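Position one of the sequence shown corresponds to residue 1 (our numbering), numbered consecutively onward.
Cβ atoms here follow ideal geometry from the backbone N, Cα and C, with glycine treated the same way.
None of these values were measured; they are calculated from a predicted model.
What follows is a set of notes on a single structure, which appears directly below.
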Amino acid sequence: LTMDKDEGSAKIVKSVVNLGRDLSLEVVAEGVENAGLAKLLLDAQCHYGQGFGYAQALPAQEAEVYLNESLADGSAPIKARSA
Numbered sequence: 001l002t003m004d005k006d007e008g009s010a011k012i013v014k015s016v017v018n019l020g021r022d023l024s025l026e027v028v029a030e031g032v033e034n035a036g037l038a039k040l041l042l043d044a045q046c047h048y049g050q051g052f053g054y055a056q057a058l059p060a061q062e063a064e065v066y067l068n069e070s071l072a073d074g075s076a077p078i079k080a081r082s083a
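Written out as structure tokens, the structure reads:
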């Protein structure tokens, strides 16, 4: 079950995000499949997210083009994390 369908899962995710933040870590949520999950994670103050809700998997060259275009026009759904 995912945090948008199960209260127990939501509590676990929020606790893990809080633990990471308390330890001064940047928290990355994986498996963000839709805007609803992204909103819940933003509300939980998660730093970053990745998953099909942002973009389908792409070959490296296509991903670079996608990100550059998204950042250039302001449509990027999340802020970029430096490598």
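Given a threshold of 16 other Cβ atoms within 10 Å of its Cβ, counted over all protein chains shown, does residue i qualify as buried or as exposed?
i          : result
valine 32  : buried
glycine 49 : buried
leucine 25 : exposed
alanine 29 : buried
In this structure, does DSSP put residue i in helix, strand or coil?
i           : result
tyrosine 66 : helix
aspartate 7 : Correcting the residue type first, residue 7 is glutamate in the shown sequence and not aspartate. Glutamate 7: helix per DSSP, three-state reduction.
alanine 29  : strand
How many Å lie between residue i and residue j at the Cα?
i            : j            : result
leucine 58   : valine 65    : 10 Å
serine 15    : aspartate 6  : 14 Å
glutamine 61 : leucine 37   : 27 Å
valine 27    : glutamine 56 : 21 Å
Which same chain residues, not among the five before or five after residue i, have their C-beta less than 8 Å away from its C-beta?
i          : result
alanine 92 : Shown here, the chain extends from 1 to 83; a query on residue 92 therefore has no answer.
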